[in-house]
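If you use this note's numbering, the sequence shown corresponds to residues 318 to 602, in order.
Working notes for the structure below.
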Amino acid sequence: MTAPKTWLITGASSGLGAALAEAALKAGHKVIATARNIITAAEANPQISSLGGHWIELDVTSPDTAKKVEDAVQEAGGVIDVVINNAGYSLLGSIEDMSESEIETQFSTNVYGPVRVLKGVLPFMRASKSGTVVNISSSAGIDGLPTCAIYAGTKFALEGMSESLARELAPFNIRVLIVEPGSLRTNFWSAYVEPAAGMNKGYTGTPLDKTLQLFKSNTGSQPGDAVKCAARILEVVDGVGMGSGKQDLLRLPLGPDCYKRFQTKIDNLQENLLATKDIAHSTAY
318 MTAPKTWLIT
328 GASSGLGAAL
338 AEAALKAGHK
348 VIATARNIIT
358 AAEANPQISS
368 LGGHWIELDV
378 TSPDTAKKVE
388 DAVQEAGGVI
398 DVVINNAGYS
408 LLGSIEDMSE
418 SEIETQFSTN
428 VYGPVRVLKG
438 VLPFMRASKS
448 GTVVNISSSA
458 GIDGLPTCAI
468 YAGTKFALEG
478 MSESLARELA
488 PFNIRVLIVE
498 PGSLRTNFWS
508 AYVEPAAGMN
518 KGYTGTPLDK
528 TLQLFKSNTG
538 SQPGDAVKCA
548 ARILEVVDGV
558 GMGSGKQDLL
568 RLPLGPDCYK
578 RFQTKIDNLQ
588 ENLLATKDIA
598 HSTAY
């Protein structure tokens, strides 16, 4: 068993976030669980409080997020070992139908949210020269499907940011792990948001429409188990079980569906790269 650590998990009110909080607590860690409404979150997840978890109210779209996170860490003893940027949602549909306000809220949650949280925790991690940052991305962070242009855009942004952070934070012994779950059987997809304007009729019958209908019909039958995913994440963070010897991983794809999509993406990238080799090399001075 590893030494107890202090974890901060955003979006812990349901799904993967709640499963992660429970797994970390059962492993002997201290957990600061965040939710926008901690009353309903605690009622829906009584096991988190009963296991010793501490709830704090946090809306990652708020400009005072970093200060709230900083205060929570100070109250917990001034040390934060693991931060899980899990809070997020999906805005699905055509970008033609999305208002700028809807797009801005999606980016504020999925991209600026983790930035705000990191601004609160990184000073503590740098001071102790230790820590693990876990950014919950998605299979959409590597492979963007129709209807997911904006959602995938936020996850691609998180992936790129995480790659740079991994290099920037390495001198401080702070590790960055990007977690990329496939489709999980949680309320995530049933809670997705569509543009208020609805779908432009021009997209009827197109891949965008068909994929959106597939997402709707798959609710409750997704292949991924959030509890098992939480267990694998915990093991990779703690370097135990299936995570033993994998502490240097940057990416953690989860689910056969995710793995298959990534393999196809890699194959297509390789094919594209080879096909453009002569063009790429023709542009040098």
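Backbone N, C-alpha and C fix where the C-beta goes; we use that ideal spot for every residue, glycine too.
The model shown is predicted, which means the values in this text are computed figures rather than measured ones.
Give me the Cβ distance between residue i and residue j, rounded to the nearest whole Å; I'm assuming they're in contact under 8 angstroms.
i: residue 398; j: residue 449; result: 7 angstroms
i: residue 459; j: residue 582; result: 6 angstroms
i: residue 437; j: residue 404; result: Not really, about 13 angstroms apart at Cβ, beyond 8 angstroms.
i: residue 463; j: residue 528; result: 4 angstroms
May I have the straight-line CA-CA distance separating residue i from residue j, to the nearest angstrom?
i: residue 340; j: residue 332; result: 12 angstroms
i: residue 439; j: residue 336; result: 24 angstroms
i: residue 348; j: residue 534; result: 35 angstroms
i: residue 461; j: residue 320; result: 39 angstroms
i: residue 543; j: residue 521; result: 33 angstroms
i: residue 477; j: residue 433; result: 16 angstroms
i: residue 443; j: residue 490; result: 8 angstroms
i: residue 354; j: residue 366; result: 15 angstroms
i: residue 473; j: residue 481; result: 13 angstroms
i: residue 395; j: residue 435; result: 15 angstroms
i: residue 639; j: residue 421; result: With the chain represented from 318 up to 602, any question about residue 639 goes unanswered, as that position is not in the structure.
i: residue 356; j: residue 338; result: 16 angstroms
i: residue 323; j: residue 374; result: 17 angstroms
i: residue 379; j: residue 327; result: 13 angstroms
i: residue 360; j: residue 587; result: 49 angstroms
i: residue 499; j: residue 545; result: 12 angstroms
For residue i, write down the residues that DSSP places opposite it in a beta bridge.
i: residue 409; result: None; residue 409 has no bridge partner.
i: residue 346; result: Answer is none; residue 346 lacks a bridge partner.
i: residue 323; result: 347
i: residue 453; result: 496
i: residue 568; result: 495
i: residue 352; result: 374
i: residue 535; result: Note: residue 535 sits in no beta bridge, so no partner.
i: residue 401; result: 326, 451
i: residue 510; result: 408
Within a Cβ cutoff of 6 angstroms, which residues of the same chain sit near residue i, ignoring the five residues on either side of it in sequence?
i: residue 509; result: 407, 409
i: residue 579; result: 459, 570
i: residue 479; result: 452, 493, 495
i: residue 345; result: 321
i: residue 371; result: 349
i: residue 289; result: With the chain represented from 318 up to 602, any question about residue 289 goes unanswered, as that position is not in the structure.
i: residue 387; result: 437
Applying the 10 Å Cβ sphere with the 16-neighbour rule, what's the burial state of residue i?
i: residue 559; result: exposed
i: residue 330; result: buried
i: residue 497; result: buried
i: residue 384; result: exposed
i: residue 416; result: exposed
i: residue 601; result: exposed
i: residue 596; result: exposed
i: residue 526; result: buried
i: residue 456; result: buried
Closer than 7 angstroms by C-beta to residue i: which residues in its own chain qualify, once you throw out the five before and the five after it? Chain order, please.
i: residue 414; result: 512, 514, 515, 516, 517
i: residue 471; result: 423, 424, 427, 428
i: residue 483; result: 493, 567
i: residue 467; result: 408, 412, 415, 420, 423
i: residue 475; result: 427, 428, 431, 452, 454, 458
Is any non-hydrogen atom of the ligand FAD found closer than 7 angstroms to the C-beta of residue i, if you look at the structure I gave you?
i: residue 499; result: Ligands in the displayed structure: none, and consequently the ligand FAD is not present.
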